[in-house]
Amino acid sequence: MIKTGSQHIASLKDGRQVYINGELAGDVTVHPAFRRTIGAVAKLYDFQSRPENLDVMTFEMPDGEGALANRIWQLPGNYQDLVTRRRALEAWTELHAGFLGRAPDHVASCLAGMFMGIDVFRNHDEARAAALADYFRFARANELYLSYAILNPQADRSKAASEQQDPFLTAGVVDEDSSGLTIRGAKMLATGGIMANEVLVTSIQPLRAGEERYAVSFAVPMNAKGLKILSRKSYEQAASSIFDNPLASRFDENDAILYFDDVKVEWSRVFIDRDVAMCQKQFHATPAHVYQNYQAQIRLMVKMRFLLGIARRIAETNGIIGFPQVNETLGMLAAQNTMVDALVHAMEVKGTMQGDYFIPDSHTLYSAQVLTQQLYGQVVNALRELAGGGLIMLPSSVRDFAHDELRGLIGKAQQSPVCSSEGRVKFFKLAWDAVGSEFASRHAQYEMFYAGAGFVTKGHSFRTFDWDRCTGLLDRMLDSYSLADELASGKPMAA
Ligand SMILES: Cc1cc2nc3c(=O)[nH]c(=O)nc-3n(C[C@H](O)[C@H](O)[C@H](O)COP(=O)(O)OP(=O)(O)OC[C@H]3O[C@@H](n4cnc5c(N)ncnc54)[C@H](O)[C@@H]3O)c2cc1C
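Using the working numbering, the letters of the sequence shown map in sequence onto residues 55 to 549.
In structure tokens:
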């Protein structure tokens, strides 16, 4: 049986220690800060389990005796497999228009990439590799929703993790025994963690020799004893209604700091044990980093389409669609949208076999990251420019419509050549939630940083580019003439 929404909701009633607004949240599935977004995730699982969607969304697990799993766990063996898997990710993302950055397909893609590179783990340590392989199969069979926390908390970024005032600011090993490791300290930033089943914890930031304590990779359930989940402000809870904040009220995936208050991790869930180099290799010597970020670009491609829909609708709603300058803005947005789309397809077409698996092209992926980190802000700005004050000249809340006189006045003040006053207000409230509200602003930050700061993604682009091809061209041109030949020709200035 494939997982359903109600099964996912039930799996979150596990006593996890989520803190918000000065208190323990209790059951997150009914808490006003989280319940609707958890409902949105549940709809993903309901979608995959509908008979008409099984082909698109699922595949038969190898050795699973016919049992199905979501394609997010599929390991593409050729180009066509990759495209089939992408279609599943795309279909899922359409249900949230790309606003769940860390929906279940993100970390599943990372873990699948690690599993594809299991030999890298074997070379590190056979026992840890076996733990990772078992965990991958366990997560796939049980359709776990995984989040991850792979960054060390900001404090003094000019200093290494071991040089911070508190050696346990960053989560690290404080003890070990025959059953496993004990972890103490903090990690940022488990997006989606509050509504996930488990979290993968490791360090993607380079560590130095001597910082082995932080160089671990492991997974724990979100209700692990001692795991404290510190929620940021909930935009879902702050939303006054669905009508007023249709996105924030239902797609606020949350981003939580995790504090490991001496959390015990069994050896069966430890994938890297205090090895600085291996922490980098797990992402970059396996397809993990490429697969997790390929998923992110598929998601962004869908989100861009949604934003383009808003742009077009603004122009229609305000009667500006016929202006040449507006067409120019829309034409530019369309071209930018198509670039994002084309880059996803290029990653696939330029993909290569690595061992048994087909891997999207890494440089195309990193180019897409660098470009879209900057593009997102430009697109949001273009939408704001198209909309003008329409994003602001809105009734204070849905309750204004419940007041007879106010409803009448709204009808007089909110007009459009293409829709009713209610339709206009409904649309512009949604547009504001996508580009201007606190929720939207968090999304701008997300798109700028989810894959690392700009200097990090540009570093990946620099590292993976085929420089030889370019310098080879240059060298061939330089080799086609020489000072000595010119001088020997006797007519150095005549050419
Ligand atoms: C909304 C959101 C969701 C996130 N979700 C997750 C998640 O699910 N899981 C997870 O693990 N992480 C998550 N993150 C964290 C994300 O991975 C980091 O924000 C990102 O890697 C950048 O690290 P940082 O925030 O510490 O910024 P920093 O590394 O501190 O960089 C901030 C700025 O400081 C400057 N700077 C810092 N260091 C240098 C340097 N060495 N050289 C030059 N300039 C420098 C640059 O100007 C840079 O832009 C999320 C972040 C956001 C904003």
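Glycine included, C-beta positions come from ideal geometry on N, C-alpha and C.
Keep in mind that this is a model prediction, so the values were computed, not measured.
Beta-carbon gap between residue i and residue j smaller than 7 Å
i: residue 141; j: residue 130; result: no
i: residue 317; j: residue 264; result: no
i: residue 29; j: residue 289; result: Outside the displayed span of the chain (55 to 549) sits residue 29, for which this structure offers no information.
i: residue 226; j: residue 267; result: yes
i: residue 306; j: residue 58; result: no
i: residue 160; j: residue 349; result: yes
i: residue 460; j: residue 482; result: no
i: residue 224; j: residue 214; result: no
i: residue 296; j: residue 242; result: no
i: residue 302; j: residue 493; result: yes
i: residue 416; j: residue 510; result: no
i: residue 126; j: residue 162; result: yes
i: residue 152; j: residue 324; result: no
i: residue 418; j: residue 404; result: yes
i: residue 112; j: residue 122; result: yes
i: residue 474; j: residue 464; result: no
Residue i: CB within 6 Å of a non-hydrogen atom of ligand 1
i: residue 309; result: yes
i: residue 205; result: yes
i: residue 499; result: yes
i: residue 250; result: no
i: residue 431; result: no
i: residue 202; result: yes
i: residue 504; result: yes
i: residue 211; result: yes
i: residue 112; result: no
i: residue 509; result: yes
i: residue 224; result: no
i: residue 312; result: no
i: residue 156; result: yes
i: residue 218; result: no
i: residue 336; result: no
i: residue 236; result: no
i: residue 445; result: no
Beta-carbon separation (whole angstroms), residue i vs residue j, contact threshold 8 Å
i: residue 256; j: residue 326; result: 7 Å
i: residue 199; j: residue 166; result: Between residue 166 and residue 199 the Cβ distance is about 14 Å, and since that is not below 8 Å, they are no contact.
i: residue 406; j: residue 168; result: Between residue 168 and residue 406 the Cβ distance is about 18 Å, and since that is not below 8 Å, they are no contact.
i: residue 133; j: residue 284; result: So it is not a contact: roughly 43 Å between Cβ atoms.
i: residue 354; j: residue 394; result: 6 Å
i: residue 94; j: residue 62; result: Not quite, the Cβ-Cβ distance comes to about 11 Å (not below 8 Å), so this is no contact.
Rounded C-alpha distance that separates residue i from residue j
i: residue 156; j: residue 304; result: 14 Å
i: residue 103; j: residue 420; result: 33 Å
i: residue 309; j: residue 278; result: 18 Å
i: residue 314; j: residue 240; result: 6 Å
i: residue 508; j: residue 388; result: 24 Å
i: residue 489; j: residue 450; result: 18 Å
i: residue 486; j: residue 211; result: 34 Å
i: residue 300; j: residue 363; result: 16 Å
i: residue 528; j: residue 503; result: 35 Å
i: residue 332; j: residue 178; result: 7 Å
i: residue 383; j: residue 346; result: 32 Å
i: residue 538; j: residue 523; result: 27 Å
i: residue 396; j: residue 170; result: 26 Å
i: residue 335; j: residue 124; result: 27 Å
i: residue 272; j: residue 194; result: 16 Å
i: residue 536; j: residue 526; result: 17 Å
i: residue 287; j: residue 443; result: 27 Å
i: residue 439; j: residue 174; result: 49 Å
i: residue 176; j: residue 247; result: 29 Å
i: residue 514; j: residue 274; result: 29 Å
i: residue 207; j: residue 399; result: 35 Å
i: residue 478; j: residue 468; result: 7 Å
Proximity test, Cβ basis, 7 Å: residue i and chain C
i: residue 130; result: The structure shown contains no chain C; it is built from a single protein chain.
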